[in-house]
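Counted the way numbering that gives the first Met the number 0 counts, the sequence shown spans residues 0 to 306. Idealized CB from N, CA, C, for every residue including glycine. None of these values were measured; they are calculated from a predicted model. Take a look at the structure set out below.
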Amino acid sequence: MLGPVILAASRSDRMRRLISAAPVTKQVVDRFIPGETVADIVPIIKDLTARGLELTMDVVGEDITTPEQATAARDAYLALIDHLKDLGLGERVEMSVKLSMFGQALEGGHELALANVRPVVEAAAAIGTTVTLDAEDHTTLDSMFAIHEDLRKDFPQTGCVIQAYLFRTEADARRLAASGSRVRLVKGAYKEPAEVAYQQKHEIDKAYVRILRTLMEGEGYPMVGSHDPRLIAIAQELAHKAGRKLDEYEFQMLYGIRGEEHLRLAAEGHRMRVYTAYGTDWYGYFMRRLAEKPANLRFFLRSMVSK
Ligand code: FDA
C-alpha cells in the first residue's frame, strides 16, 4: 500500500522541499545516485566498465518548467558525451533521457523536446554509442514514440522504453519488434490509474512475460530491464528458444540494486548494462526507488530518526 503514497509524494513540491532538506537524505540517495557532477561520476564509469559492465547514463531531472532548463539538460548530456569521448569509452556507455527534462511538457513541447534531444543523439552516434528514450507517465507516451520514430529515420539505433503495466504495451511491442528497434522492457514505475494499467504484481509479471516473448521472437534488440530473478531466468529461456545469441539481447539493472547479480550475469557472458543516474535534481528518481521497495523507505526513515 505504501508504494502509491510514495509515488504521489514524488510529484509534491512540499515533500520535495522537506525531503531534500533532511540532513541524512544525501547518504541514502547516494546508494542510487552516486554523484552530482561529471567529476563525481567518471571514477564510477571507469570502475564499472573495468568490471566488464556496460552503462547507460541518466542525468537526473524531469518535469522542467522553462525552455532554459531544457537547454541546460541538453548541454549536460553533451558535456558528458565529450568526457566519454576523452575516456575512449563511447561504445560501452549509452545515454538514457527523459523527454520531460527536454521540454516535452512545455508549450510546443513535442517539437522542443525533439529539437533538444536530436543533438544529443547525434553526438552519441559520433562517439559510437546511442540514446534510449525513457518512458514516463502514460500521457507522455504518444509523443515519446513519435519522437523515437522520427529519430530512428537518421539514427536507427535509438532505443525506447516500454512498460509492462500498461494495457497499450502489447500492441506497442508488436509494432516496435516488427520495425527492428532497440527496446527496453520494464515493469513500470509511475502511479497509473486502473483504466490504463494493471494494478496487481502478478498481472504485471504475466504481461511482462507475454511482451518479452514478442520482443525475443521479433526483429529488434530486446533490453531486459528488471531485477526480478524469475523474469531474468524466463528471459534467458525465451532468448534461447528464439535462437538468439548472447550478443542479440541484453540485461539492464539500476545502479545500487542487486549489484552482485550484475557481475554474475556479466561473468556468464551476458551483456549487462547498469543504468547509472547522477546529478542534483534527484528527487523524482529517488522517490520511485523508495516506492519500488518499502524496505528502502523504512531504512530511510530509520536513518532520519537515529540522527
Ligand atoms: P520488482 O519490483 O518485482 O523487484 C524485483 C526485486 O528486485 C525485488 O524483490 C528487490 O530485490 C529488487 N528491487 C527492485 N527494485 C528495488 C529498489 N528500488 N530497491 C531495492 N531493491 C529493489 N520505469 C519506467 O517507468 N520507465 C523507465 O524508463 C524505466 N527505466 C528503467 C531502466 C532500467 C535499466 C531498469 C532496471 C528499470 C527501469 N524502470 C523504468 C523501473 C522499472 O519500471 C521498475 O520500477 C523497477 O525496475 C523495479 O521492478 P523490477 O522489474 O526490478 O521488479
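Go ahead and label residue i buried or exposed: buried means 16 or more other beta carbons lie within 10 angstroms of its beta carbon, across all protein chains shown.
i      : result
Ser225 : buried
Val4   : exposed
Thr128 : buried
Ala112 : buried
Asp12  : exposed
Asp46  : exposed
Lys306 : Residue confidence is low: Lys306 scores 49 on pLDDT, short of 50, so the model does not pin down where it sits. Its coordinate-derived value is still stated next. It is exposed - the Cβ of Lys306 has fewer than 16 other Cβ atoms within 10 Å.
Lys97  : buried
Arg181 : buried
Glu135 : buried
His269 : buried
Gly107 : exposed
Glu218 : exposed
Leu83  : buried
Thr131 : buried
His239 : exposed
Thr279 : exposed
His201 : exposed
Bridge partners for residue i per DSSP, in chain order?
i      : result
Gln251 : Gly224, Arg272
Glu94  : First, the amino acid is wrong: residue 94 is Met here, not Glu. According to DSSP, which records beta bridges pairwise, Met94 is partnered with Met56, Val130.
Residue i by DSSP, collapsed to three states: which one?
i      : result
Arg297 : helix
Thr168 : helix
Val195 : coil
Gly278 : coil
Gly283 : helix
Ser11  : coil
Ser99  : helix
Glu106 : coil
Arg243 : coil
Lys306 : Low confidence applies here, because Lys306 scores a pLDDT of 49, under 50, leaving its location unreliable; read the following figure in that light. Coil at Lys306, not helix or strand.
Ala232 : helix
Ala188 : coil
For the beta strand (DSSP E) containing residue i, list its first residue and its last residue.
i      : result
Val182 : 181-185
Gly258 : Run containing Gly258: none in the beta strand (DSSP E); it sits in the alpha helix (DSSP H), 258-266.
Gly158 : 158-162
Just to confirm the assignment, what range does the alpha helix (DSSP H) spanning residue i have?
i      : result
Pro3   : 1-8
Tyr207 : 200-216
Task: alpha helix (DSSP H) segments (min. 4 residues) lying fully within the region 16-92 - done: 24-31, 37-49, 66-86
TODO: Let me know the alpha helix (DSSP H) ranges lying completely inside the region 109-153, each 4 residues or longer, listed in chain order.
DONE: 140-153
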